[in-house]
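A.B. asks: The structure under discussion is supplied below as structure tokens; questions concerning it will follow.
Number of protein chains: 2
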Amino acid sequence: MKQKSGQTSISNLLVQICKHRRNKSNVLLSEAGIYGGQDILLYYLSIEDGQTVSSLVEKMCIQQATISTMLVRMQASGMITKVKDNSDKRTSRVFITEQGKEAYKKIAKIWNAMEKVLIKGLDNEQQETLSNLLRAVLKNLE
Amino acid sequence: MKQKSGQTSISNLLVQICKHRRNKSNVLLSEAGIYGGQDILLYYLSIEDGQTVSSLVEKMCIQQATISTMLVRMQASGMITKVKDNSDKRTSRVFITEQGKEAYKKIAKIWNAMEKVLIKGLDNEQQETLSNLLRAVLKNLE
DNA sequence: TCAATTTAGTTAGGCGACTAACTAAAATCC
DNA sequence: GGATTTTAGTTAGTCGCCTAACTAAATTGA
């Protein structure tokens with residue numbers, strides 16, 4: 001059996017979708033004063049404030065180095081603050097600022113809007129099916 | 143109806159999948175001596191050699207600026223060559239080198255391997271369903 | 001014909017993401 | 001208790017990707 005590849009593969013469809021999703025998302029996020037990637041960080045901080053950098057790294061599935069420079073920028077832009085932990089002087093705890101909270105409100109709206117765009121025209125059953133299949137794919141990658 | 147968001151949304155699943163897919167892909171591609179993103183360029187060149195930069199930009203859905211620096215690097219690493227077009231001195235034509243062709247052979251194998259990983263455990267019908275749903279999502283984004 | 005506009009690419013600078021090499025602090029172990 | 005190892009983060013450097021500003025060449029249009 002000849003395998004699909006290139007243009008027609010699921011892999012390529014995913015790449016295309018992510019490219020477009022990211023582009024659309026970035027346009028909207030820039031209106032909230034943040035950059036793509038920072039939204040996820042603010043999401044996790046809004047779930048639990050004052051986490052360590054390592055904790056965020058684990059949840060966000062990114063490298064320490066990535067988040068490190070990201071936090072420098074986000075502190076500079078006033079979205080978060082970083083406080084050294086006294087009980088363990090290696091670690092820093094990250095807190096979301098009021099400005100960050102305001103930004104996150106916009107982010108939540110943007111995510112909902114993005115989701116609506118993505119699933120436009122799909123009925124509940126199709127959404128469920130897609131969700132299940134994507135979960136299977138994700139599992140395959142982990 | 144409460145909308146799904148955050149962790150459980152299709153948008154988030156797609157982000158997760160793409161992150162993992164990209165990571166896995168990058169590991170394999172680095173063994174072929176190229177970086178993520180360069181594979182797609184070599185793919186389009188292998189389909190049609192000697193294209194203009196604009197032509198590649200259109201197919202790859204990226205900005206001229208992105209491909210411009212990318213081509214500088216890929217010419218430096220010996221994957222492609224760039225030749226000024228005499229009939230239109232604004233344009234350059236991009237050619238894949240022998241080394242680039244060798245790299246592409248590896249890329250094709252990597253893509254097939256990636257596809258296999260992605261769809262592991264899904265039967266033909268599920269693959270078809272997923273493919274159709276992803277196409278619908280992609281259409282929603284365009 | 002010659003100025004104005006469009007088109008093709010490049011350069012500069014910023015962000016997310018990565019690896020590798022590093023510092024500093026905590027934990028472990030002899 | 002002191003040396004070794006592990007853990008937490010940072011810094012430097014590379015890439016892909018983007019926007020904005022720029023150059024140069026082709027096209028259009030009065």
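Those protein sequences? They're chains V and P, same order as listed.
Just so it is clear: in the first sequence, position 19 is 19 by this note's numbering, and no numbers are missing.
Just so it is clear: in the second sequence, position 111 is 253 by this note's numbering, and no numbers are missing.
Where a beta carbon is used, it is the ideal one built from N, C-alpha and C, also for glycine.
Given the structure is predicted, the values throughout are model-derived calculations rather than measurements.
#1: Counting only beta-carbon atoms, is V/K24 nearer than 8 angstroms to chain P?
#2: Return the residue from the list V/I47, V/V53, V/D85 and V/W111 that minimises the CA-CA distance to V/L29.
#3: Report the residues of the region 97 to 121 of chain V with a CB closer than 9 angstroms to any CB of chain P, ordered along the chain.
#4: Using three-state DSSP, classify V/I10 as helix, strand or coil.
#5: Since V/T69 is in the alpha helix (DSSP H), which residue starts that stretch and which ends it?
#6: Mapping DSSP to helix, strand and coil, what is V/S131?
#7: By DSSP, does V/I110 sit in helix, in strand, or in coil?
#8: Please report whether the beta-carbon of P/K224 lies at a distance below 8 angstroms from any beta-carbon of chain V.
#9: Kindly indicate which residue of P/K226, P/G220 and P/G192 has the alpha-carbon position closest to the one of P/I176.
#10: According to the Cβ coordinates, are V/V83 and V/R90 closer than 8 angstroms?
#11: Report the residue from V/A32, V/E31 and V/E58 whose alpha carbon sits nearest the alpha carbon of V/Y44.
#12: Restricting to Cα atoms, I'd like to know which of P/D265, P/K262, P/V195 and P/E257 is closest to V/V15.
#13: Check P/R163 in the structure and name its three-state DSSP category.
C.D. replies: Judging by the given coordinates:
#1: At least one CB of chain P lies nearer than 8 angstroms to the CB of V/K24.
#2: It is V/W111 whose Cα lies nearest to the Cα of V/L29.
#3: Hits within the stretch, in order: A108, W111, N112, M114, E115, K116, V117, L118, I119, K120 and G121.
#4: Here V/I10 sits in helix by DSSP.
#5: Per DSSP, V/T69 belongs to the alpha helix (DSSP H) from Q64 to A76.
#6: Looking at V/S131 - three-state DSSP - the assignment turns out to be helix.
#7: DSSP places V/I110 in the helix class (H, G or I) of the three-state scheme.
#8: Not an interface residue.
#9: It is P/G220 whose Cα lies nearest to the Cα of P/I176.
#10: Not closer than 8 angstroms, so no.
#11: Considering only alpha carbons, the answer is V/E58.
#12: The shortest CA-to-CA distance from V/V15 to any of P/D265, P/K262, P/V195 and P/E257 is the one to P/E257.
#13: Judged by DSSP in its simplified three-state form, P/R163 adopts helix.
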